[in-house]
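J.: Once you've had a glance at the structure underneath, I'll fire off some questions.
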Amino acid sequence: MVEVDAISRAILKAMSENCRRSLSSLAAELHCAPKTLKKKLAKLEEEYGIRYTLELNEHELDLDATYLIRVKFSKPPEDTKLRAALNKYPTVQFAALTKGDFDLVLYTVSKTSLDFARWANFFRQALSEYIEHWEAGIITGFWFGFFVLGDEVVENLDIEHVEKVMLRALVRNARTPLNELARKAGVPISTAQYHLKKILSSKAVKRATIVMTKPPLMVHHISTYHYRMTADFLRRDVGGRELITSEGGYEPMNRLLLMFNIEGGDCDDVLFYSLNDPTEAQAFQTEMRTRFGKELKANPSAIVMDVVKGNLPCRKLNVKTEYNTKFMDIYDLMSKD
0 MVEVDAISRA ILKAMSENCR RSLSSLAAEL HCAPKTLKKK LAKLEEEYGI
50 RYTLELNEHE LDLDATYLIR VKFSKPPEDT KLRAALNKYP TVQFAALTKG
100 DFDLVLYTVS KTSLDFARWA NFFRQALSEY IEHWEAGIIT GFWFGFFVLG
150 DEVVENLDIE HVEKVMLRAL VRNARTPLNE LARKAGVPIS TAQYHLKKIL
200 SSKAVKRATI VMTKPPLMVH HISTYHYRMT ADFLRRDVGG RELITSEGGY
250 EPMNRLLLMF NIEGGDCDDV LFYSLNDPTE AQAFQTEMRT RFGKELKANP
300 SAIVMDVVKG NLPCRKLNVK TEYNTKFMDI YDLMSKD
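Residue numbering for the sequence shown follows numbering that gives the first Met the number 0, beginning at 0 and increasing consecutively.
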């Protein structure tokens, strides 16, 4: 294992917040020699399989139908059939085989709910001999985290050609140099600089960031929460959110990966949380159930066994700062007594 000292953790945090920043400015900020910083970054890239990418806002790109699907199989699907179904269309951005209350979890993006329905009918038919139960819910907002968009989705966006080429390159590698972006787009560097500034300052791009494809925390827990919307729910909810946003500063990556809200399914919130081992995962799950108490109506959960498409968004951010508390206004009409 690479030594995760204070400087290495600071590098991971800085790259998670803005991976396009210059290494010389980061070295100066960390009071570290540029040569030392480059050496530490290279070790971190190798150890954690760091991928540089963009955190995008799907709705700002007119991808208004984002869904989470949980599947229960009657028997394990053939790997070739599963992968063929996942890759037939660009709809699926993330897919993982799991063990627990469900066997497969999918994150999909489409322009409209009708587009999603067409894809869902195809996918369910392609795997009809394996699928026992299918539960889909539309994602109405992220509290924290993101899924990396696939190359084909970016290719099909209704945006200017030059910006599409550059955006696709940045999603593949957000540290792509300006001259390389200009070459790919077939424009002068001055033109590429204009479009790069426009892209990175748009509402569609939240940040240039990283994901760790070989994360240091190995157990990834997916938990869904179906609440009783009682008068006591908000108080209980605060306790649950205090637990998931309490991150140790010494950690090389966030334990909280994703938290988002769902409507139209059998749950209200979905949580992706990373831990060291299954025992720790069980203890966390027990504590969350205790904090919600009788306001937690149902809590199906599973452990990720194999990511078969896309990436888990493992990185290092200040969770308390980045957690989307403004999204709490979905509960504004509830009694807060």
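Note that the Cβ used here is the ideal one computed from N, Cα and C, for glycine as well. Every value quoted in this text rests on a predicted model; they were computed, and no experiment measured them.
For the beta strand (DSSP E) that GLY99 lies in, which residues bound it at each end?
T.: Boundaries of the beta strand (DSSP E) harbouring GLY99: 91-99, taken from the DSSP string.
J.: Per DSSP, what kind of secondary structure is VAL303 in: helix, strand or coil?
T.: strand
J.: Buried or exposed for ILE188, please, with buried defined as at least 16 other CB atoms from any protein chain shown within 10 angstroms of its CB.
T.: exposed
J.: Under DSSP, the alpha helix (DSSP H) around SER127 begins and ends at which residues?
T.: Neither: SER127 is in no alpha helix (DSSP H) and is coded neither H nor E.
J.: Give me, in chain order, the residues of the same chain whose beta-carbon lies closer than 7 Å to that of VAL91; leave out the 5 immediate sequence neighbours on both sides.
T.: LEU85, LEU105, THR107 and LYS308
J.: Can you tell me which of the three DSSP states LEU166 falls into?
T.: LEU166: helix per DSSP, three-state reduction.
J.: So, helix, strand or coil for THR404, using DSSP?
T.: Absent from the structure is residue 404, since the part of the chain shown begins at 0 and ends at 336.
J.: Given this structure, state the Cα-to-Cα distance separating LEU180 from ALA191, to the nearest angstrom.
T.: Cα to Cα, LEU180 sits roughly 7 Å from ALA191.
J.: Which residue or residues does DSSP assign as beta-bridge partners of LYS308?
T.: Beta-bridge pairing by DSSP links LYS308 to ALA94.
J.: Let's test the definition: count the other Cβ atoms within 10 Å of the Cβ of LEU216 and tell me whether it reaches 16, buried, or not, exposed.
T.: Residue environment for LEU216: buried (at least 16 other C-beta atoms within 10 angstroms of its C-beta).
J.: Would ASN253 be called buried (16 or more neighbouring beta carbons within 10 Å of its own) or exposed?
T.: buried
J.: Considering only C-alpha positions, which residue in the set THR97, PHE72, LYS110 and ILE209 is nearest to TYR47?
T.: When C-alpha distances from TYR47 are compared across THR97, PHE72, LYS110 and ILE209, the shortest belongs to ILE209.
J.: When you compare only the Cα positions, how much space is there between GLU286 and GLY238?
T.: 10 Å
J.: Using DSSP with H/G/I as helix, E/B as strand and the rest coil, what is THR223?
T.: strand
J.: Please state whether the Cβ-Cβ distance between SER109 and LEU62 is less than 8 Å.
T.: yes
J.: Mind checking whether ASP268 and MET258 have CB atoms under 8 Å apart?
T.: Going by C-beta atoms, ASP268 is nearer than 8 Å to MET258.
J.: Note down the Cα distance separating THR139 from TYR322, rounded to an integer number of angstroms.
T.: Between the alpha carbons of THR139 and TYR322 lies a gap of roughly 15 Å.
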